[in-house]
Every structure is written in structure tokens, then in C-alpha cells.
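Protein sequences appear in the order of chains A and B.
Mapping of the first sequence onto the working numbering: position 190 corresponds to residue 190, and the numbering continues sequentially without gaps.
Here the working numbering = 1-based position in the second sequence + 340.
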Amino acid sequence: MDVKTATPPIVQLEGVAKAYGGAVALAQLDLEVRTGEFFTLLGPSGSGKTTTLRLIAGFERPDRGRILLDGADVASLPPFARAVNTVFQDYALFPHLTLIENVAYGLRAKKMPKAQAHAEAEKALAAVKLAAYGSRKPAQLSGGQRQRVALARAMVNKPRVLLLDEPLGALDLKLRHQMQAELKRLQHDTGITFIYVTHDQDEALSMSDRIAVFSQGRIEQVGTPFDLYERPASEFVADFVGSSNLLGRALLRPEKIRLLPADAPVAAGEVARPGVVREAIYLGAVTRYQVALDDGSELAVMEANTVPLSDHLRLGSGSRILAVWPQSAAMTIGNQGEIP
Amino acid sequence: MDPARVWERDAPTSKLVESPCRASLSQTRTNGVWASGPVGVEGAKPLAFFLTMSAPLRALSSLSWRRGWVGVLSLLALPAVWFGGLYLAAIGAMFLTSFWTVDDFSGDLIPGFSLVNFRALLADPTYAHIAERTIGIAAAVTLTDIVLAWPVAFAMVRLAGPRLRAGMMAAVLIPLWSSYLARVYAWRLILSHDGVLNWALAEVGLPGLHIGYSNWAMWIVFSYLWLPFMILPVAAAVERIPPSLLEASADLGAHGLSTFRRVMLPMALPGMVAGAISTFSLTLGDYVTPMLVGGEGSDFIGNVVYSNVGVTNNIPFAAAYAVLPLCVMAGFLLVARKLGAFDAL
Numbered sequence: 001m002d003v004k005t006a007t008p009p010i011v012q013l014e015g016v017a018k019a020y021g022g023a024v025a026l027a028q029l030d031l032e033v034r035t036g037e038f039f040t041l042l043g044p045s046g047s048g049k050t051t052t053l054r055l056i057a058g059f060e061r062p063d064r065g066r067i068l069l070d071g072a073d074v075a076s077l078p079p080f081a082r083a084v085n086t087v088f089q090d091y092a093l094f095p096h097l098t099l100i101e102n103v104a105y106g107l108r109a110k111k112m113p114k115a116q117a118h119a120e121a122e123k124a125l126a127a128v129k130l131a132a133y134g135s136r137k138p139a140q141l142s143g144g145q146r147q148r149v150a151l152a153r154a155m156v157n158k159p160r161v162l163l164l165d166e167p168l169g170a171l172d173l174k175l176r177h178q179m180q181a182e183l184k185r186l187q188h189d190t191g192i193t194f195i196y197v198t199h200d201q202d203e204a205l206s207m208s209d210r211i212a213v214f215s216q217g218r219i220e221q222v223g224t225p226f227d228l229y230e231r232p233a234s235e236f237v238a239d240f241v242g243s244s245n246l247l248g249r250a251l252l253r254p255e256k257i258r259l260l261p262a263d264a265p266v267a268a269g270e271v272a273r274p275g276v277v278r279e280a281i282y283l284g285a286v287t288r289y290q291v292a293l294d295d296g297s298e299l300a301v302m303e304a305n306t307v308p309l310s311d312h313l314r315l316g317s318g319s320r321i322l323a324v325w326p327q328s329a330a331m332t333i334g335n336q337g338e339i340p
Numbered sequence: 341m342d343p344a345r346v347w348e349r350d351a352p353t354s355k356l357v358e359s360p361c362r363a364s365l366s367q368t369r370t371n372g373v374w375a376s377g378p379v380g381v382e383g384a385k386p387l388a389f390f391l392t393m394s395a396p397l398r399a400l401s402s403l404s405w406r407r408g409w410v411g412v413l414s415l416l417a418l419p420a421v422w423f424g425g426l427y428l429a430a431i432g433a434m435f436l437t438s439f440w441t442v443d444d445f446s447g448d449l450i451p452g453f454s455l456v457n458f459r460a461l462l463a464d465p466t467y468a469h470i471a472e473r474t475i476g477i478a479a480a481v482t483l484t485d486i487v488l489a490w491p492v493a494f495a496m497v498r499l500a501g502p503r504l505r506a507g508m509m510a511a512v513l514i515p516l517w518s519s520y521l522a523r524v525y526a527w528r529l530i531l532s533h534d535g536v537l538n539w540a541l542a543e544v545g546l547p548g549l550h551i552g553y554s555n556w557a558m559w560i561v562f563s564y565l566w567l568p569f570m571i572l573p574v575a576a577a578v579e580r581i582p583p584s585l586l587e588a589s590a591d592l593g594a595h596g597l598s599t600f601r602r603v604m605l606p607m608a609l610p611g612m613v614a615g616a617i618s619t620f621s622l623t624l625g626d627y628v629t630p631m632l633v634g635g636e637g638s639d640f641i642g643n644v645v646y647s648n649v650g651v652t653n654n655i656p657f658a659a660a661y662a663v664l665p666l667c668v669m670a671g672f673l674l675v676a677r678k679l680g681a682f683d684a685l
């Protein structure tokens, strides 16, 4: 099913705990990242995902536990002795150095001769389409360009693992989508293991081979995007990854519900509940309905706008409808079975 | 709602106003309309007064919002008078005077244009020696203070917690509150032949040092005196370096010393230059410390200027010699600009 299951682990965290003063940032964390995968740490701010990344990079030391890189414990090694590189949230480019000098920094630190280091740096800059900008300073670049320099500066060292700390957070939406594709391509072409921190669930779903969902210093679930969305292990995961309706103990994704005329026939294997549309919000590609069911519960429904709409929505506020979904679409949390 | 009444409620006297006594008073006055008119007006008097007084200020404020230069001008007027009228004029006067001469018999100043003072300065190698000593010690003091300031500044802004940091800041600043003379005299007691330093050395069985009243003494005392003026700008510069840059350097494989040399040092250069301008120029212009802790033949440029003004009464010659540190400082600033020290201004 997953081609990556066969590859050996490259980063392992075993029983790692970290507290700042009295505040627990990570409580007893176990995590395994496999060689060559695009692994995402997803969670709200303060959930421990960035702390985990900083522990792997070596900027923080764990209070307890082991951090293995290629099977060797690196928990007591300083950052400069670890074969990982980081792309920082604020890019952390050296403002007094040119782009070439920035990208060559890591190679020079490892005593590569200057001419060779600059040649390598030029190649790395060309790989992120900034070949012509080598002699500029970071202040002369746009946010997106700086982001690419930060990427080149980390990748040029050919790290065993590349750590990315919300690298696209400061970019606008369009550029972010572009860079998501770019990152995915770079990861695929180089085969370097990526560990990617984000709080953006769309970003996580679209890029990752596997995702660890963090909440309050713990991992709620580790799995493929498919696992997380279709089989969330907890209410938190169900709510944080995508939006969801909770009907009793059952979970129902808004896009799996159809709104039919009140008198429509119901097929076998489908659940149907009558209700009234309370609100309809046009979002371009989709329309979002808020439905009040007759049994008193509320449903959010997402409907793709597949046919051209003139100037009004298919259903307005107050329309009586029948909300219909396949029986198999409603799941119990932490269980893959369906609600009868 | 009546604004005057709102103001009145917020005022500290509002309890008084709402007391039954005042209420009945106002009610009689206002024919039963509670606090709608007269009381409000009476209570608002200070506010109205304030508004009238502030009208010209408000007008000025509006004007400077419409015409930006008005604001700039009104802020700069006083400093401009100070800077232009006193500071630049004094330097100009000094520059002019350096070309004047003194009547040997009457001692009167003779205005004019003569290079006789500059010729006299060049003719006697003593003046060149004194200039060399002054500039050399100023440079040595500056380098010493840079070396001493770095660990203090770094520990203060990067390692210390808030309490230790405040303590260190106080320790750096407190000496500046005591008299300069008291501090120099204290060093005399430490460095003289039978002073604290030699007594301590003798106690641990080491031979005494003979550095009292020498260039060494001046170097030590100047370095001590001006150290705070180096620590503060270096600390400010170190504080401005984003911590992520130091992490990035470590992440890219550079150890601590390499990060210091390749990231911190160049990024804190403006701070070091700012500090160096202070330590260098303060040493260059001083004449009290050489007098108190310098030995025979430890004169600075300032001492020559001092004796020519006070003793020999040859002000034009003093002015001519004083042009030299001015030129040195101008050269220093040019080099600093070349190094990019003012790019951040």
C-alpha cells in the first residue's frame, strides 16, 4: 500500500520529554521518520511540533529520552555536529553576506576551498532559479526569493534530513501553492528526507507522505493523509484535519452529504434526515450550507459547484431539504467501523 | 449625552456632584432638570480652559500634519541654534585663530594669515612624538576596550537572565556617576610604586611592577575610564542580531568561534565603531589623566594646548595644534563609513 513502509527509519525519538520552566512542551514523545519520506508535524501553535523540530536540529536538549539519527544517539551533539539542516521560519539569511556567500556558508564551515564552495553554491542557486542573483544581498530580494535562498543554503550541504519550520508561513496564498509544488519536486528529485512543520492542514495533506498530528505536547495520530482524513483516531484529529460534523459518536465529513429535495426517494444503504437550510455561503468552487435537521442537530454541508450558477444558489436559506449520506460515510472516532 | 456631563462623571469629584446636597442645589438652579446645564458647565470650566490654551498647540499640530517640514523645523530649531551657533562657530573660530600670530612683546593677538604656527609644529620633532603618543594610546585604548567589552556585552544580552542583566547594566553604568577625578586618583593609588598593585604582588611573592606614571598607566586608566562607552553600543548591537542567525550558523556546521568571527563580529561592527568613536575621541582630547597618572614626558596633545593657552598665552599656536586631532577624527570617521558602520543609520 505505502511504498515507504519498506525503508528503514532515519530519525527516531524515544521517550523524549521537554519542559520550559514549569511548562511542559513535550510529554513522552515517540516518533519514527523513515528514510526518504516527506514527514509533516502538524498541530496548532504551542502543540510541541516546533520543539520537536528544534530537538532534532540540536537547538534544544531533551530533558529525557533518546534522539537517534541513522541509529546513533545525537541528543548530546551540538547542532554543528549533526548531519541535518534547517530552513527557518524567518529564513535567517545572513544580511551582511551575498547570496552566494550565504549558500556557500555551510560548505565553507566544513573547510571546502572557496572556489569550489562558490561553484557549488551557484549550482544550488540555479536549482532554485536564482542563478542571476548571486551577488545580491538578502535585503534586495522578495519574500519568495529569500525563501528559495534559505532552501538552497540548506540543501547544498546534502543533509541526511532537511528540517523545515513553517517555511511558507510568510508567503501569500498563490506563492505558497507554487512553493508547495516546488518543495515536493525538490524532495522527490533529491530523495532527501524532509521533516516539515506546519499548522496548515491543507499544506500537510497536499505534500506529506505521512503526518504526525500534535496536540498539547503529545502526538494524537501518525498516518498518511488518507488515514488522518478518513480514519481520524480522535475527535481532535477529526476536527483539526478538515472540518467535520459530529452526530452523537459518529463523524461525518461535510462533502459526503448531499442535499436533496424533501420528497426525494432514498436508496438502500443511505441515511436520510429531513431539515431546513439555515445559511448558504458561496465560496467559489464550493457552496457551504448550514443545515438545521428536524431532530435538532446542526450539519455543515459542502457542495461542489459543478454546474454553472447564474446569480443565485441552488438552495437558499429556508429551503426544506433531505440530507442524505451513504451509511459507510459516518465513522466512529478511533474505530474504522460504521454506525448502523 | 451631554459631553460635559460625561466628563464630570469621570472626574474625581463626581461623588460630590452626585451628593444629595449638590443635586438639590442644581435642581433648584435648573428648574428640576437634573445636571443637564449649569452644573455641567460649571464643572467643565477647567476642561474648557485647557481646550482654549491648547488651541494654538492644536493649530501647530494640524499645520505640521499638512506641511511636514513645519514639524521638522520646530523640532530642530533649538538644537540647530546650539549646534550651528556655538559648536560649529567655535570650531570655525579655532580654525581661523590657528593662522593668527602673537606679538612677542605685548602678547596681543595679531589676526591675519600666517603659517608660522604650523611651521613651528613641524620644525620641532617633540610635537610629532606627542601626537604619535596621543594617537597611539587612543588606538590601543580603543582596541583594548573592544576586547574587554565583547564578553561583557555578550554575557549581558545573550546569557544573563533579566535580574543578572539589570545588575550587570548597573555595574557598567555606576562608575559613570562618580567623579572622573576621583576615579583617576584611585588608579594613582593602585599603580604608584608603593601602591595597592605592588603591595599585592609582594604579598604573593612576585617582583613589583614599575608602571606608575608611565604610558602603561595611561593605557590602563583610559581603558578603564571609557570601557562603559564601548560596552553599551556593543551590547545594543549584539542584541539586534536575531538569535535565529546564530542558530542558522550552527546548523550549517560552524562552531562557536567561527560563528563569532563570521556572523557576530561583522554584524556588530556598527556598534563597535560607535563605541570606538567615543573611546578614541575621548582619549584623543584628554589632558587630565596624562597630568595625573602619566610620568615625565607623557604629554598628550591636550597638555600642549593647555600649557599654550594657560601658561605661554600663545592661543594661535594652541589652536594650530588642536587642528590635528580634529583631522585625525575626520579620517577615523571616513574609514568607519567605508567599513559600512553608518549604513544602519
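Positions of the beta carbon are idealized from the N, C-alpha and C atoms, including for glycine.
Rounded C-alpha distance that separates residue i from residue j
| i | j | result |
| --- | --- | --- |
| Asn457 (chain B) | Ala658 (chain B) | 9 Å |
| Gln178 (chain A) | Leu186 (chain A) | 12 Å |
| Tyr525 (chain B) | Tyr646 (chain B) | 20 Å |
| Arg176 (chain A) | Gly169 (chain A) | 8 Å |
| Ser584 (chain B) | Lys49 (chain A) | 17 Å |
| Lys114 (chain A) | Pro606 (chain B) | 19 Å |
| Leu549 (chain B) | Leu531 (chain B) | 9 Å |
| Arg54 (chain A) | Ser618 (chain B) | 41 Å |
| Arg160 (chain A) | Asn85 (chain A) | 8 Å |
| Ile56 (chain A) | Leu260 (chain A) | 51 Å |
| Leu29 (chain A) | Ile195 (chain A) | 16 Å |
| Leu674 (chain B) | Leu68 (chain A) | 53 Å |
| Pro573 (chain B) | Val487 (chain B) | 14 Å |
| Arg278 (chain A) | Pro265 (chain A) | 23 Å |
Outcome for residue i when other beta-carbon atoms lying within 10 angstroms are tallied against a minimum of 16
| i | result |
| --- | --- |
| Ser45 (chain A) | exposed |
| Pro465 (chain B) | exposed |
| Ala660 (chain B) | buried |
| Ser206 (chain A) | exposed |
| Ser446 (chain B) | exposed |
| Lys18 (chain A) | buried |
| Ala181 (chain A) | exposed |
| Val74 (chain A) | buried |
| Arg82 (chain A) | buried |
| Asn653 (chain B) | exposed |
| Phe562 (chain B) | buried |
| Gln201 (chain A) | buried |
| Tyr20 (chain A) | exposed |
Secondary structure of residue i, DSSP reduced to three states
| i | result |
| --- | --- |
| Ser402 (chain B) | helix |
| Ser208 (chain A) | coil |
| Ala608 (chain B) | coil |
| Asn457 (chain B) | helix |
| Trp440 (chain B) | coil |
| Lys49 (chain A) | helix |
| Arg523 (chain B) | helix |
| Tyr20 (chain A) | strand |
| Arg677 (chain B) | helix |
| Val156 (chain A) | coil |
Per DSSP, the bridge partner or partners of residue i
| i | result |
| --- | --- |
| Val33 (chain A) | A:Val11 |
| Arg41 (chain A) | The sequence given here places Leu at residue 41 (chain A); Arg does not occur at that position. Paired residue(s): A:Val197 and A:Ala212. |
| Gly223 (chain A) | A:Ile211 |
| Leu68 (chain A) | A:Gln12 and A:Asp73 |
| Glu298 (chain A) | A:Ala292 |
| Thr332 (chain A) | A:Ala250 |
| Lys129 (chain A) | Note: Lys129 (chain A) sits in no beta bridge, so no partner. |
Endpoints, beta strand (DSSP E) assigned at residue i
| i | result |
| --- | --- |
| Asn305 (chain A) | Counting along the chain, Asn305 (chain A) falls outside any beta strand (DSSP E), and DSSP gives it neither H nor E. |
| Glu270 (chain A) | Glu270 to Tyr282 |
| Arg320 (chain A) | Arg320 to Pro326 |
| Thr86 (chain A) | Val84 to Val87 |
Limits of the unbroken alpha helix (DSSP H) element including residue i
| i | result |
| --- | --- |
| Pro261 (chain A) | Pro261 (chain A) -> not in any alpha helix (DSSP H); beta strand (DSSP E) instead, spanning Arg258 to Pro261. |
| Asp165 (chain A) | From DSSP, Asp165 (chain A) is part of no alpha helix (DSSP H) but of the beta strand (DSSP E) over Val161 to Asp165. |
| Tyr105 (chain A) | Leu99 to Ala109 |
| Met112 (chain A) | It is not in any alpha helix (DSSP H) - Met112 (chain A) carries neither H nor E in the DSSP assignment. |
| Arg545 (chain B) | First, the residue type needs correcting, since residue 545 (chain B) is Gly and not Arg in the sequence shown. It is not in any alpha helix (DSSP H) - Gly545 (chain B) carries neither H nor E in the DSSP assignment. |
Residue i CB to nearest heavy atom of the ligand ZN below 8 Å
| i | result |
| --- | --- |
| Asn643 (chain B) | In the structure on display, the ligand ZN does not appear, and there are no ligands present to speak of. |
Contact set between residue i and chain D, taken where Cβ atoms lie within less than 7 Å
| i | result |
| --- | --- |
| Gly106 (chain A) | Going by chain labels, chain D is absent from the structure shown, which instead holds the protein chains A and B. |
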